[in-house]
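Number of protein chains: 2
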Amino acid sequence: MHFLRPLVGVIPGMQTNCLKQGETMFVNSNAHPGSKPKASGQLGELSRARVILSEFKYNKGTEIFGEAEPAEYIYQVADGAVRTHKLLSDGRRQIGAFHLAGDIFGLENGATHRFTAEAIVDTTVRLMKRCSLEHVAETNALVALDLLNMTTRNLRHAEDHMLLLGRKTSLERVAAFLLEMDPRLTAAGVMALPMSRRDIADYLGLTLETVSRALSHLHGMGILGFLGQTQRQIVLLDRMRLAELDL
Amino acid sequence: MHFLRPLVGVIPGMQTNCLKQGETMFVNSNAHPGSKPKASGQLGELSRARVILSEFKYNKGTEIFGEAEPAEYIYQVADGAVRTHKLLSDGRRQIGAFHLAGDIFGLENGATHRFTAEAIVDTTVRLMKRCSLEHVAETNALVALDLLNMTTRNLRHAEDHMLLLGRKTSLERVAAFLLEMDPRLTAAGVMALPMSRRDIADYLGLTLETVSRALSHLHGMGILGFLGQTQRQIVLLDRMRLAELDL
DNA sequence: CGGAGACCTTGATACAGATCAAAGCCTCGG
DNA sequence: CCGAGGCTTTGATCTGTATCAAGGTCTCCG
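Chain order of the listed sequences is L and U.
Numbers 0 to 246, taken from numbering that gives the first Met the number 0, label the letters of the first sequence in order.
Numbers 0 to 246, taken from numbering that gives the first Met the number 0, label the letters of the second sequence in order.
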């Protein structure tokens, strides 16, 4: 599927020249007209200064961009889910974040990506060409502030995750994970996880067996339930006790 | 020592009103005339828009600011060393970063600090009042870009540290620590660590005993030597082999 | 509908690093 | 110079999580 990756100037019908700020092109930033409101507005001023070039679809498991590749685009998840990770030379993997509908990812200040991004399920993303973002930000303080706010959000998450990875037990990590995903994924009382146990493990610095045992343990405690046929549909039954487990 | 903390408007001789950008007051941003060149320039445009209010001295072990406190100032280490950390409710500690001469710390986009900062040794810092930094950044894109660049540096460090905390072995972590501190601390071939084994452990997500054993192991391998009387003066004897240990 | 493969759970065992313990060393004040 | 206290090392043991292993379940596709 490598030929599906967008490369500068090779995608048929892709608009390659950027609009200058001011001559804006309005783009509806919601996935569907009825989608969650949080998806809108995250781009802030950026959505007026930059133009969304196109939507692009990635099949489950395919790479969206690789670590150390030049950062040509900024991405927003329209539908689906994305994981970003770093690898050690022997294959150990650390997932830095999960990106769900509405989330921005792949934003870089420097020239290259610092993570590899992959689609967890079939995923549609919106692409924005960077068009020397630094240059636009030099003249438009509001654009620069938007970039700063997004970067700060990422930094805050990374700082909290350092505490989790450095000092929390396996049960605390899994509890924290569920509490993090709950508001982002739960619809109609059910949390439908798009990612595998291995993905969760690589996000939490554990093995997949330990994640599975922790979930079973929480199940046994009556804190969560599994829905129907699959182990990826979780119902949180006691958020209070779950929160007490995450110190 | 709590009374030593700077509070708005209570420090005798402290200049409380900010200069507007443009009416700049030049402040030498180097610690001493002969100090390392990297200390200068880190503030970028910010050094012209903001004014350095004063220097302030903290004794070894004292708190500079606390987590969740309002962020009134930005700090730069003039001399000494600072650690920033988060605590869990039961006292487990994760150090997010060490800040040495020239480093900026305590920069927040939001209203409050996300870490506690403490002086590791007797430390002199320069304080800059924020003076609603957001407001200045709204009008001056270059200031906003400086903030973005500093935040991006912090983010890159946090991302790399997540990989270390989530997936590296104790020996790899200690090797990475030495390689990180080497260019920042080594002078005349000797690395003089200001921080204790416990600080290093809380930075690397280990115990102080494990850090000590890893250092002894590296010593036994001939990769490093301890200088004279103290265990905090380290000489790196084989950076090549040390780098090979950090995957 | 049936079979292959991916994913998940559960159990047994191993091990890296934590914990507990004690002794050596350095620092600094008196 | 001496002694108390903090820091570091080193050893013995423990334990949380990894690893190894096996079986179960779901998905997808022919």
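Note that beta-carbon positions come from the ideal geometry of N, C-alpha and C, so glycine has one too.
Is residue j closer than 7 Å to residue i when the C-beta atoms are compared?
i	j	result
U/Q93	L/G165	yes
L/G95	L/F114	yes
L/T123	L/E62	no
U/R125	U/I51	yes
U/A157	U/D245	no
L/L163	L/R172	yes
L/I199	L/V189	no
U/R82	U/I119	yes
U/A191	U/Q232	yes
U/L147	L/L87	no
U/E117	U/A70	no
L/R197	L/L207	yes
U/A140	L/A77	no
U/A136	L/L144	yes
L/A213	L/L241	no
With 7 Å set as the bound, which would you pick, yes or no: does the beta-carbon of residue i sit closer than that to a beta-carbon of chain L?
i	result
U/S195	no
U/K19	Legend: pLDDT at U/K19 = 40, less than 50; position of this residue unreliable, value from coordinates given subsequently. No, no contact with chain L.
U/Q75	no
U/E158	yes
U/E71	no
U/A213	no
U/T150	yes
U/A143	yes
U/E22	Low per-residue confidence applies at U/E22: pLDDT is 34, beneath 50, and the placement is therefore not dependable enough to give any value.
U/S28	Its pLDDT being 35, under 50, U/S28 is placed unreliably in this model, and the coordinates cannot settle the point.
U/E208	no
Establish whether the CB of residue i and some CB of chain U are separated by less than 7 Å.
i	result
L/A96	no
L/G204	yes
L/R240	no
L/L106	no
L/T138	yes
L/E243	no
Here's the rule: buried if 16 or more other CB atoms are within 10 angstroms of the residue's CB, otherwise exposed. What is residue i?
i	result
L/H112	buried
U/T150	buried
U/T138	exposed
L/N58	exposed
L/T229	exposed
U/H160	buried
L/R238	exposed
U/P5	For U/P5, the predicted model reports a pLDDT of 43, less than 50, meaning its position is unreliable and no value from the coordinates is stated.
L/H98	buried
U/D201	buried
Which chain U residues sit within Cβ distance under 9 Å of residue i?
i	result
L/D102	Simply none; closest approach about 16 Å.
Show which residues of chain L have a CB atom less than 8 Å away from the CB atom of residue i.
i	result
U/L246	L87, S88, D89 and R91
U/H67	For the sequence presented, residue 67 of chain U should be read as Ala rather than His. Correct list: empty, because the minimum Cβ distance to chain L is about 13 Å.
In chain U, what lies closer than 7 Å to residue i by C-beta?
i	result
L/L146	L147
If you measure from the CB of residue i, is any heavy atom of the ligand MG nearer than 6 Å?
i	result
U/F97	Among the ligands in the structure shown, none appear at all, so the ligand MG cannot be discussed.
- prompt: Taking Cβ-Cβ distances below 7 Å as the criterion, which residues of the stretch 152–181 of chain U are in contact with chain L?
  reply: Taking a C-beta cut-off of 7 Å against chain L, the contacting residues of the stretch 152–181 of chain U are N153, L154, R155, A157, E158, H160, M161, L162, L164, G165 and R166, listed in chain order.
query: What residues in the stretch 108–136 of chain U have a beta carbon less than 8 Å from any beta carbon of chain L?
result: N108, G109, R113, F114, E133 and A136
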